[in-house]
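Peer 1: If you scroll down you'll find the structure; I have some questions about it.
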Amino acid sequence: MHDLTGFQRDILYVIAGLEEPHGLAVKAELDDYYEQEINHGRLYPNLDDLVGKGLLEKGELDKRTNVYTVTQRGVREIEARREWESQYLEDVNAPTTS
């Protein structure tokens, strides 16, 4: 996961959380999160990169629509990232004593 951009990590997280993660659904989620429209020319090459890295699988929903799923490797990478983040974020919500 360390070699991914933040945008690629966001794509991976969105796909992991969607029931039917096709390109336009992923784009809509990212548009909302970034509060701006994500260009197709930015999204689809990054999806292809994630497929190439073995983190996503790409299949066909129909003739015009690809569907993406997180691979087992992708799941392991997400879990490792969350574990790494948690060691730094555990005390974020803890009350401070002064």
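Residue numbers for the sequence shown follow full-length UniProt numbering, beginning at 1 and rising by one.
Each residue gets a CB set at the ideal place from its N, CA and C atoms; glycine is no exception.
1. Do K53 and V67 have their C-beta atoms closer together than 9 Å?
2. Can you look up G54 in the DSSP assignment and give me helix, strand or coil?
3. Considering only C-alpha positions, which residue in the set Q87, V92, S86, D49 is nearest to D3?
4. Quick one: is N46 buried, meaning 16 or more other Cβ sit within 10 Å of its Cβ, or exposed?
5. Whose C-beta lies closer than 7 Å to the C-beta of F7 among residues of the same chain, with five residues either side of it excluded?
Peer 2: In this structure, then:
1. no
2. coil
3. When each option's Cα is compared against that of D3, the closest is D49.
4. buried
5. Once the five neighbours on either side are set aside, the close Cβ partners of F7 are N46.
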